[in-house]
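Novice: Numbering that gives the first Met the number 0 numbers the first residue of the sequence shown as 0 and each following residue consecutively. First the structure, then my questions, so here it is.
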Amino acid sequence: MPNIKSAKKRVLVIQKKTLINQMHKTALKTAIKKFDTAVENKNAAEAKTLFNEATRKLDQAVKQGILHKNNAARKKSQLALKLAKIDA
Numbered sequence: 000m001p002n003i004k005s006a007k008k009r010v011l012v013i014q015k016k017t018l019i020n021q022m023h024k025t026a027l028k029t030a031i032k033k034f035d036t037a038v039e040n041k042n043a044a045e046a047k048t049l050f051n052e053a054t055r056k057l058d059q060a061v062k063q064g065i066l067h068k069n070n071a072a073r074k075k076s077q078l079a080l081k082l083a084k085i086d087a
């Protein structure tokens, strides 16, 4: 544990930010899982809306610095491929 007051404060701030980042990651993973279940059930209409939600959450994660932009782009591409397979 740190002894300096500013270092103690930084530890508390980091803990709060870690919890917020975990919350956003969990919401992102949930959105992707919901999309995957819609794809498995071959529900195209629901999959399209969930695709939009998942891509929005991916973009927000990039903006907040939780994910790297290339990581999000790769995930969006994978989701788009799954969606295209349903429509075809």
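The beta carbon of each residue, even a glycine, is placed where N, CA and C say it ideally should be.
1) What are the boundary residues of the alpha helix (DSSP H) that glutamine 77 is part of?
2) Excluding five sequence neighbours on each side, which residues of the same chain lie with their C-beta closer than 6 Å to the C-beta of threonine 54?
3) Where does asparagine 42 sit, in a helix, a strand or coil, going by DSSP?
4) So, is valine 38 buried or exposed, given that buried needs 16 or more other C-beta atoms within 10 angstroms?
5) Identify, in the order they occur along the chain, each residue of the same chain with its Cβ nearer than 7 Å to the Cβ of lysine 41, setting aside the five sequence neighbours on each side.
6) Taking DSSP as the reference, what is the three-state secondary structure of methionine 22?
7) Express the C-alpha separation of leucine 57 and leucine 27 in angstroms, rounding to a whole number.
Specialist: Reading from the atomic positions:
1) 68–86
2) Lys75
3) DSSP places asparagine 42 in the coil class of the three-state scheme, outside both helix and strand.
4) buried
5) The residues Ile85, in chain order, have a CB closer than 7 Å to that of lysine 41 in the same chain once the five nearest residues on each side in sequence are set aside.
6) helix
7) 7 Å
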